[in-house]
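Protein chains in written order, with the numbering used here: chain A, 1 to 290; chain B, 291 to 606; chain C, 607 to 969.
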């Protein structure tokens, strides 16, 4: 253990790193997220090759000047495929979380605002969905709906929805006891108005933080599903699917597995760091005190 | 306290009921029909065999009746028969549970052993580069795809360095050493996410605890700083960690699925993946139910353990 | 006050804070500014002031309990039996804590570890400084618990803090502090969190233990009522500085300066029948990040004159009492423009309002 106890008599206080978006980790988060977003938006312009174009002279070739990250077993340029893969990853990430957030927040508002039987019923169903590990539930739903991009989005969205419902409900319960809601009720405001004007703005912060984190989680699950062959189907360039084909040639062409996994790691790390920085920013108390 | 237990059990039963409904009906959203799946392409052409099979499988009865028959069976330990192998599902699940449990347990041990020291050191050195490094390690653990980490470990330690066998499974009672050697890489890979979660939890809890009066009071007694941090700081920070571990148990086991595929471990997750490919609906139902049951049971047990561990809860 | 001779003089105090400074946040907040405080062996000293005046910061500095990462202790010296505690290594300091100097904390509800039995918490201090056999250790714990008046200690030692009442917990804190028979006890607002009947009991316990064990104590409190009858001498602190010091009897008989008067008026249970009981001092203590340039109490002082805002007064002997009675107030010092409060009875109504006062100060 380093530094557990260092006390020299006349102290020069140690410099402290800042927290939040301006900290080193916050900056790293922003760099990663901007990089990935940029690649996803502009990959049509910056990708060196067509992701599905085969080069019959270069199968499973290592990184070179022509193919910076090498080629896969069909002679396709790995860098271009990974660049286009960012679109799939972000579509799944934002799509699934958007779906989960919409359903979850609606259910949570309904449960928290109504209380009583409806609340109980919603929350027990939410508990039940939450009881399935998200990978298993997504696997089951994928099996039921069949593979494909839209089914992946729905499957992951359903698996993530309970988290938003729970968070929203607990926030609503704490907010609705506060004075400004009581005051609005006393003024004769109707439920929808109270929810939209008074409750929603208050729960937005935590919901956005959760959504950021879950984008990363959704991308991870998509990678697992596609790796298992249950997700996005070839030839669509999805990181999980690229990783799967790379795994088949692990000894011959380890760079395929290495770079495609790295792409997933960088993206998910970016949003995870972003969530951490956002939370620090919104609630400085949650970090170090003094 | 009694009331708390009773209420807890009742809610768990309601949730378990909904879970069983979801598990059962998810198989009926599946495209295709069980009997068609069993007969395969050519069998579907023979209407007589098709009708016979439907009768055999009870597919002609209303869904609700079949649900209750299924639940009745499950309650007596009869999960039905696998459509793929025709063997009873119960024993098959039991056989597959072992490897997954072993993997999950080893992963938990790795995760806890790394995460607790890292979390403590990060909190004690809060807002220095040590803390930043700890946070980066935690978030990397959460962000890294476990199956990819497994593949990379396999590449380095099995393919290139040849220190460890690349893949396979030996039951621990047959050859404990080899069994553990085979599981080291997948367990480390599986541990990464849990490690990240625990580091964050320990760090946050320690930061809170270290500002408490009793920490200053403990220092004033003249015990060493190490004792202050471990005996008072860590002990008070560990309760939430117990909760995390309990709540994550089922998820860690499910997260093993891709790793079981990568490392050829005959576990539950791989069985689930195989069953989906073979449209083995009865098996999928049972596996989903089993996983949900494991999650519910471990969170239930966690609540009970928590109440035991925290002296404040026992008498309140 | 004159600076004392070398540390080995025969009447060397047990503890001597010599021009002690403690600052937080890179020196931006100076919580303790040049305190000079002595405690003789077996002597009981009071350190009195409103909350935020730096008295707790000073006490924590003695044991170096501040977070070293944002606290600077020094310049100054903390001489304990002639050794400067600020020069000790961490290990050297650890051996002082609990064994030589122990501390009792303000809030017994938060100062005990909730997940450790009280017996273990008492034993912890013993284990840190002494090697005892298991039986001797247990006997000592029971003896300590009996000493502070906890009934059936054999069963109670296995209980957790939440199973005790506030008063009982404070007794346990006292038992912990006494466990290694320290020479000095720092009692930081030990009665503040307790209700009135318990306050009297705990103070009585401290008094009897102190007399029987020859303990030196520093009673840190905002309540002069606690100091009366409990201490030999009193230091009054305001905004990081000592503003008045005297033998306790002398302080109550002839308090010299207006801040002390304010504390006396705001003390809840004085025997003297004051017409208006518990008159709080008006206004707030100054920010320690940016204290007033003259007398620090001047902005709140009803007796202030022009000189008070212009220059900071030194801590100088009060001419009415002996040399041991000093105050940091121009009104008590025979200098040009000062001395208008010499012999002033603090109970008398204030004819000397700030405006009229200032108008009359051109001589």
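Virtual Cβ for every residue (Gly too), placed ideally from N, Cα, C.
Determine, using beta carbons only, whether residue i comes closer than 8 Å to chain B.
i, result
"residue 122(A)", "no"
"residue 332(A)", "The requested residue 332(A) is not part of the displayed model; chain A covers only 1 to 290."
"residue 100(A)", "no"
"residue 882(C)", "Reliability fails at residue 882(C), whose pLDDT of 48 lies under 50, so the model's placement of it is uncertain and the value that follows must be treated cautiously. Chain B contact via Cβ: absent."
"residue 914(C)", "no"
"residue 876(C)", "Only weak support is given to the placement of residue 876(C): the predicted model assigns it a pLDDT of 48, under 50, and the value that follows is read from those uncertain coordinates. Taking Cβ atoms only, chain B never reaches closer than 8 Å to residue 876(C), which makes this a no."
I'd like to know whether the C-beta of residue i is nearer than 8 Å to at least one C-beta of chain A.
i, result
"residue 586(B)", "yes"
"residue 435(B)", "yes"
"residue 333(B)", "In this prediction, residue 333(B) has a pLDDT of 49, which is less than 50 and means its spatial position is unreliable; what the coordinates show is noted afterwards. Cβ-Cβ to chain A under 8 Å: no for residue 333(B)."
"residue 545(B)", "yes"
Would residue i pass as a contact of residue j if the rule is Cβ separation under 8 Å?
i, j, result
"residue 802(C)", "residue 654(C)", "no"
"residue 850(C)", "residue 826(C)", "no"
"residue 33(A)", "residue 230(A)", "no"
"residue 585(B)", "residue 131(A)", "yes"
"residue 574(B)", "residue 565(B)", "yes"
"residue 799(C)", "residue 835(C)", "no"
"residue 532(B)", "residue 596(B)", "yes"
"residue 382(B)", "residue 492(B)", "no"
"residue 705(C)", "residue 735(C)", "yes"
Quick check on residue i: does DSSP put it in helix, strand or coil?
i, result
"residue 887(C)", "coil"
"residue 847(C)", "strand"
"residue 519(B)", "helix"
"residue 686(C)", "strand"
"residue 587(C)", "In this structure chain C extends from 607 to 969, so residue 587(C) is not present and cannot be described."
"residue 461(B)", "coil"
"residue 622(C)", "strand"
"residue 709(C)", "strand"
"residue 637(C)", "strand"
"residue 60(A)", "coil"
"residue 598(B)", "helix"
"residue 113(A)", "helix"
"residue 840(C)", "strand"
"residue 432(B)", "helix"
"residue 217(A)", "helix"
"residue 880(C)", "In this prediction, residue 880(C) scores a pLDDT of 49, lower than 50, which makes its location untrustworthy; no coordinate-derived value is stated."
"residue 542(B)", "helix"
"residue 966(C)", "At residue 966(C), the pLDDT of 38 sits below 50, so the modelled position is not reliable; the number obtained from the coordinates is stated separately. Of the three classes helix, strand and coil, the one that applies to residue 966(C) here is coil, per DSSP."
"residue 896(C)", "coil"
"residue 390(B)", "helix"
Would a check of beta-carbon distances place residue i closer than 8 Å to chain C?
i, result
"residue 512(B)", "yes"
"residue 456(B)", "no"
"residue 568(B)", "no"
"residue 522(B)", "yes"
"residue 601(B)", "yes"
"residue 421(B)", "no"
Compare the Cα-Cα distances from residue i to each of the options and report the closest residue.
i, options, result
"residue 149(A)", "214(A), 185(A), 239(A)", "239(A)"
"residue 667(C)", "819(C), 678(C), 868(C), 823(C)", "678(C)"
"residue 256(A)", "216(A), 62(A), 116(A)", "62(A)"
"residue 122(A)", "175(A), 80(A), 135(A), 165(A)", "165(A)"
"residue 919(C)", "945(C), 927(C), 926(C), 929(C)", "945(C)"
"residue 581(B)", "570(B), 527(B), 541(B)", "541(B)"
"residue 714(C)", "379(B), 356(B), 505(B)", "505(B)"
The segment 712 to 725 of chain C in contact with the segment 771 to 789 of chain C per 3-pair CB rule at 8 Å: yes
Segment contact, 8 Å Cβ cut-off, at least three pairs: the segment 474 to 489 of chain B with the segment 442 to 460 of chain B: yes
Validate contact between the segment 572 to 590 of chain B and the segment 647 to 663 of chain C using beta carbons, cut 8 Å, 3 pairs: no
Where the segment 135 to 147 of chain A meets chain D: residues whose CB sits under 9 Å from a CB there: Chain labels in this structure do not include chain D; the protein chains are A, B and C.
The segment 815 to 834 of chain C contacting the segment 731 to 747 of chain C, beta-carbon criterion three pairs below 8 Å: no
Stretch pair the segment 365 to 373 of chain B + the segment 384 to 395 of chain B: three plus CB contacts closer than 8 Å: no
Given 8 Å, three or more beta-carbon pairs between the segment 132 to 142 of chain A and the segment 303 to 319 of chain B: yes
Inter-stretch contact (C-beta, 8 Å, three-pair minimum) for the segment 922 to 936 of chain C and the segment 899 to 912 of chain C: yes
The segment 499 to 506 of chain B contacting the segment 92 to 107 of chain A, beta-carbon criterion three pairs below 8 Å: no
Three CB pairs or more closer than 8 Å across the segment 419 to 435 of chain B and the segment 208 to 226 of chain A: yes
Stretch pair the segment 481 to 490 of chain B + the segment 413 to 432 of chain B: three plus CB contacts closer than 8 Å: yes
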